[in-house]
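The structure appears below as structure tokens.
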Amino acid sequence: MSERLLFINYHYIRDPAQYVHPGIHPLAMTDFAAQVDWLAERYHMATPEEAEGFVGGRASLPGPSVVLTFDDGMLDHQRAAREVLGPRGIRSVFFVSSKPLVEHQAVMVHKIHWLRATSEPAEFHRAFMALLPAEWRPDEDPEMAAKAARIYVYDSPEDGRLKYLINFVLPYALMDEISSGLLAQRDVSEAQFCDDLYMTEGAIKALCQAGHRIGAHGHSHAPFTRLGDALAADIESNIACLTDIGGERPRWVSYPYGRDWAIPDNASGFCDRFGFDVGLTLAVGWNQGVLEPFALKRINTNEVAEVCDA
Ligand SMILES: [Zn+2]
Numbered sequence: 102m103s104e105r106l107l108f109i110n111y112h113y114i115r116d117p118a119q120y121v122h123p124g125i126h127p128l129a130m131t132d133f134a135a136q137v138d139w140l141a142e143r144y145h146m147a148t149p150e151e152a153e154g155f156v157g158g159r160a161s162l163p164g165p166s167v168v169l170t171f172d173d174g175m176l177d178h179q180r181a182a183r184e185v186l187g188p189r190g191i192r193s194v195f196f197v198s199s200k201p202l203v204e205h206q207a208v209m210v211h212k213i214h215w216l217r218a219t220s221e222p223a224e225f226h227r228a229f230m231a232l233l234p235a236e237w238r239p240d241e242d243p244e245m246a247a248k249a250a251r252i253y254v255y256d257s258p259e260d261g262r263l264k265y266l267i268n269f270v271l272p273y274a275l276m277d278e279i280s281s282g283l284l285a286q287r288d289v290s291e292a293q294f295c296d297d298l299y300m301t302e303g304a305i306k307a308l309c310q311a312g313h314r315i316g317a318h319g320h321s322h323a324p325f326t327r328l329g330d331a332l333a334a335d336i337e338s339n340i341a342c343l344t345d346i347g348g349e350r351p352r353w354v355s356y357p358y359g360r361d362w363a364i365p366d367n368a369s370g371f372c373d374r375f376g377f378d379v380g381l382t383l384a385v386g387w388n389q390g391v392l393e394p395f396a397l398k399r400i401n402t403n404e405v406a407e408v409c410d411a
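Numbering (the numbering used here) for the sequence shown: 102 to 411.
What follows is the structure in structure tokens.
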């Protein structure tokens, strides 16, 4: 079947040599450019408008097609757009969490990524546990270890357990506080951290003007399924900020974390409620046949070889 669409997502695009420890696995800019060229030789590089028409059932695609997406509003993406997408005439979708722009506070998981990538693993564990209030400290908990091992198949048991603790057990606000505390111990100010990691409003506006699309990714980047009563406020803040920057309400959403557990049970009702036409997950695969426009499949850059050779 030629009518199929693949979304490919990118996070960190920068020199991998600067990180010796696990936590950030960036793609070098030259490897990004090579992957884009490889894809463009094989597939139609669809515009966001073409993708919207296809997933909405209003238009067909000229053949197997690819749309590139970028999550989290990172500075790396501004450079990728300028050096790689622009010269090739490729238009993409950039999903932005607004907390760094509005509050000058970093997204929790980015602080954790950086802390892990720049510390000895044992040192990170020690420093993290030292800031964790006693009531949250996991003693030997085989059930939790088993759940962590099921979700974090690529991590060591110790790393998997810590990620599970971070993503599923500890309250988001507590994690945010601990990660900020750890940054402070390293003499990194949160404002400086944001300046180094995220695009400014001006940079995001320039992406819109270059024909790229801006999409919602939550204000705080907390998983939508864990926000409870704070869900609407989080999403409305994100929408308000992005509408202000881009001049129109975002119609695309990328669910933070992207996995089953982080996607609202009723994705279609969720998208209806907040005015989104297109919702992207990180469920692996091409989109073809009967499409689910509010829970579309999307792969990460490291899954391209596997999915595209099939
Ligand atoms: Zn994200």
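Where a beta carbon is used, it is the ideal one built from N, C-alpha and C, also for glycine.
- [ ] Assign residue 173 to buried or exposed, taking buried as 16 or more other Cβ atoms, counted over all protein chains shown, within 10 Å of its Cβ.
- [x] Result: buried.
Open item on the list: Which residues end up in the neighbourhood of ligand 1 when you take C-beta atoms closer than 6 Å to any of its heavy atoms?
Closed with: Screening all residues for a C-beta within a distance smaller than 6 Å of any heavy atom in ligand 1 leaves 172, 173, 318, 322, 357, in chain order.
TODO: Spell out the partners DSSP gives residue 387 in its beta bridges.
DONE: Under DSSP, no beta-bridge partner is assigned to residue 387.
Open item on the list: According to DSSP, simplified to helix, strand and coil, what is residue 268?
Closed with: If DSSP states are grouped into helix, strand and coil, residue 268 belongs with the helices.
Task: Local conformation of residue 435 per DSSP, three classes - done: Past the boundaries of the shown model lies residue 435; the chain is included only from 102 to 411, so the question cannot be answered.
- [ ] Determine the extent of the alpha helix (DSSP H) in which residue 339 is found, giving its start and end residues.
- [x] Per DSSP, residue 339 belongs to the alpha helix (DSSP H) from 332-347.
TODO: Kindly identify the DSSP beta-bridge partner or partners of residue 145.
DONE: In DSSP, residue 145 forms a bridge with 166.
Task: Alpha carbon of residue 191 to alpha carbon of residue 146, nearest angstrom - done: Looking at the two C-alpha atoms, the distance is approximately 7 Å.
Open item on the list: Going by DSSP in three states, residue 105 sits in which element: helix, strand or coil?
Closed with: Strand at residue 105.
Task: For residue 144 and residue 287, the rounded distance between their alpha carbons - done: Distance between the alpha carbons of residue 287 and residue 144: 45 Å.
- [ ] Determine the burial state of residue 365: buried for a count of at least 16 other Cβ atoms within 10 Å of its Cβ, exposed for fewer.
- [x] It is buried - the Cβ of residue 365 has at least 16 other Cβ atoms within 10 Å.
- [ ] Could you tell me the distance, in whole angstroms, from the CA atom of residue 259 to the CA atom of residue 409?
- [x] Straight-line spacing of the CA atoms in residue 259 and residue 409 works out to 33 Å.
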